[in-house]
Amino acid sequence: SDERLATGRAGGEGVRRVQAEQISDSRNSAVRACCSLAEGVLMEEQSYESDWSTLEPAFLRRFQREDSPISEDGDFSVEWAAVPASLRPVSGELNSDRARNKEQQVEAVLRHALKLVDELYDRYNGQTVIEVVEFGAGSGHLGLVLAYLRADRCSVTLLERKEYACQQARRREREAGLTNVAVANTSLHDFSANLSRFHLGISLHSCGVLTDAALALCLLHRAAFCLCPCCYGQTAANLPENYLPRSQALGGMRSMQTPALSAADMRSLAVKEKRRLRRLQKAKPFYTVARSADCTSAVEDLQHSFANTQNFVIAKRCMQIVDADRLLWAQQHGYHVYMASLRPLQVTPKNNLVLGVPVTETEAAMGVTEVDLTALQASAEENADAEAGERQKTGRSRFAAAGDRAEDVI
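All residue numbers for the sequence shown refer to the numbering used here, where the first residue is 20 and numbers rise by one.
As structure tokens, then:
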């Protein structure tokens with residue numbers, strides 16, 4: 020009896036596993052088809068078939084010009100032993116494993132951000148301090164180290180909405196003795212209302228629409244940018260319907276439909292899953308791509324990580340397509356643009372990086388159009404919703420605490 024029960028459970032688990040694999044395969048087929056549509060538009064080829072054997076699709080060549088002032092070259096690493104202890108990630112209340120992982124992420128962004136600071140400093144003939152804003156700075160893992168390594172060339176403003184993270188950033192800044200750092204405990208929308216000129220915007224895992232709002236603000240102020248996006252699905256969810264893609268180059272995708280799944284794909288699925296996939300097919304292809312760009316696999320050791328999985332290969336391609344739209348939009352506004360990856364890829368599933376620097380006045384042959392600030396407004400609404408949720412959570416916590424005190428009295 021126990022053996023039959025165990026056998027039945029094992030058999031049930033096997034069936035559920037097979038069903039899950041079928042659902043995943045069918046969904047991945049739909050996402051791949053949407054990616055092929057997007058890549059076909061980028062490559063200006065009809066009936067384009069994506070190459071899934073590589074993490075470097077052909078369309079990336081549009082964003083990897085060798086003569087670009089922000090091209091990727093040479094090795095780079097931070098000598099962490101020479102960095103003040105308070106600026107190392109372990110000082111930001113991370114355990115040793117997460118701290119080492121954060122060090123690698125910071126290094127990967129700094130490789131490009133430092134080069135941009137130097138490029139901008141040279142543009143101004145060394146006569147201007149480069150004003151840097153870190154968006155969604157948290158406790159300052161990225162911005163504080165940048166401020167330390169380029170103390171003679173830049174000043175850094177850490178923009179962060181959460182008060183506790185700002186307290187940690189100020190403590191770390193104070194202990195390191197930095198004099199070129201400011202901490203702004205406010206939202207991006209409120210910060211932008213009083214913002215004058217700045218030269219470079221940076222981020223490490225700016226969540227969802229925050230990346231788009233930061234990018235819009237950089238374009239508005241003709242600032243260079245070095246942004247590492249995160250939570251791509253939230254971008255699609257929180258921006259207005261039919262807003263994406265925003266670039267002229269990918270604009271044709273707005274009128275496209277998601278390709279239908281094959282009869283074989285649909286036949287193998289349960290009714291409930293068929294309904295889900297039909298809803299997926301009703302979505303616009305670009306939104307399907309954006310919602311599929313989040314690979315949430317845990318970071319493992321460098322040899323056996325998410326980077327070797329099918330889910331990551333698909334998510335990476337989706338990230339590249341969404342970020343291609345961001346870069347093409349910046350290009351329309353007179354920017355040299357470039358797409359890179361945080362390396363090694365295993366340091367984080369969200370390892371794409373978008374970079375841009377405004378063309379010089381002599382290069383600006385095109386007229387710069389007015390910047391659409393829809394993303395900035397969407398970010399403000401997202402913050403308002405988050406703050407309302409936090410207040411509600413705080414209220415529940417206080418109510419629970421009051422109940423605990425009453426029980427103690429009783």
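Glycine is no exception: its CB is placed at the ideal position from the N, C-alpha and C atoms.
With respect to the 9 Å criterion, Lys369 and Cys237 are not classified as neighbours on the basis of their beta carbons. Only residues of its own chain outside the window of five on either side were considered, and among them Phe95 have a CB closer than 6 Å to the CB of Arg130, listed in chain order.
Sorting Thr205, Val152, Gln329 by C-alpha distance to the C-alpha of Glu182 places Thr205 at the top. According to DSSP, Glu150 shares a beta bridge with Ser174. In the displayed model, Ala156 falls within coil according to three-state DSSP, outside both helix and strand. The beta carbon of Val125 is closer than 8 Å to those of Val97, Pro108, His160, Leu161, Val164, Leu223 in its chain, skipping five residues each way along the sequence. About 7 Å separates the beta carbon of Ala359 from that of Leu374, a gap short enough to meet the 8 Å contact definition. If you draw a straight line from the Cα of Thr176 to the Cα of Leu207, it comes to about 12 Å.
In the structure shown, the three-state DSSP call for Tyr354 is strand. For Glu194, the closest of Arg81, Thr328, Pro103 by C-alpha to C-alpha distance is Pro103. Its chain contains Ala235, Leu238, Leu239, His352 as the residues whose beta carbon lies nearer than 8 Å to that of Val390, once the 5 sequence neighbours on both sides are disregarded; these appear in chain order.
The alpha-carbon separation between Leu361 and Ala302 amounts to approximately 30 Å. Judged by their CB atoms, Ala334 and Ala349 are not nearer to each other than the 9 Å cut-off. Of the other Cβ atoms in all chains shown, fewer than 16 fall within 10 Å of the Cβ of Arg80; this residue is therefore exposed. A Cβ-Cβ separation of about 4 Å places Leu347 in contact with Ser266 under the 8 Å criterion. Under a 10 Å Cβ-count criterion, Ser110 is classified as buried, with 16 or more other Cβ atoms of the shown protein chains found around its own Cβ.
Under a 10 Å Cβ-count criterion, Ala403 is classified as exposed, with fewer than 16 other Cβ atoms of the shown protein chains found around its own Cβ. Per DSSP, the unbroken alpha helix (DSSP H) holding Leu229 starts and ends at 228-239. In this structure Thr254 is buried. Its beta-carbon is surrounded by 16 or more other beta-carbon atoms within 10 angstroms. Here Arg191 really is in contact with Ser158; their C-beta atoms are around 7 Å apart, less than 8 Å.
Note: Ala118 is not bridge-paired with any residue in the DSSP secondary-structure output. C-alpha of Pro377 to C-alpha of Ala188: approximately 30 Å in a straight line.
Ranking Gly270, Leu372, Leu106 by CA distance to the CA of Cys245 puts Leu372 first. According to the DSSP secondary-structure assignment, Pro108 is paired through a beta bridge with no residue. Collapsing the DSSP output to three states places Asn327 in a helix. Here Val202 has Leu177, Cys185, Ala188, Arg189 as same chain residues with Cβ atoms under 6 Å from its own Cβ, once five neighbours each way along the sequence are excluded. Between Ala394 and Leu258, the gap from beta carbon to beta carbon is short of 9 Å. For Asn204, the uninterrupted beta strand (DSSP E) segment begins and ends at 200-204. Only residues of its own chain outside the window of five on either side were considered, and among them Arg107, Glu122 have a CB closer than 7 Å to the CB of Trp99, listed in chain order.
Only residues of its own chain outside the window of five on either side were considered, and among them Leu207, Ala394, Leu395, Ser398 have a CB closer than 6 Å to the CB of Ala232, listed in chain order. Inter-residue distance for Ala57 and Gly227 is about 20 Å (C-alpha atoms, whole angstroms).
Judged by beta-carbon spacing, Cys173 lies within the 9 Å limit of Tyr140, meaning their Cβ atoms are closer than that value. In this structure Gly220 is buried. Its beta-carbon is surrounded by 16 or more other beta-carbon atoms within 10 angstroms.
Taken through DSSP and simplified to helix, strand or coil, Pro377 comes out as strand. By the criterion of a C-beta distance shorter than 6 Å, Ala170 is surrounded in its chain by Asn199, once the five residues flanking it on both sides are discounted.
Thr379 places its beta carbon 9 Å or farther from that of Ala49.
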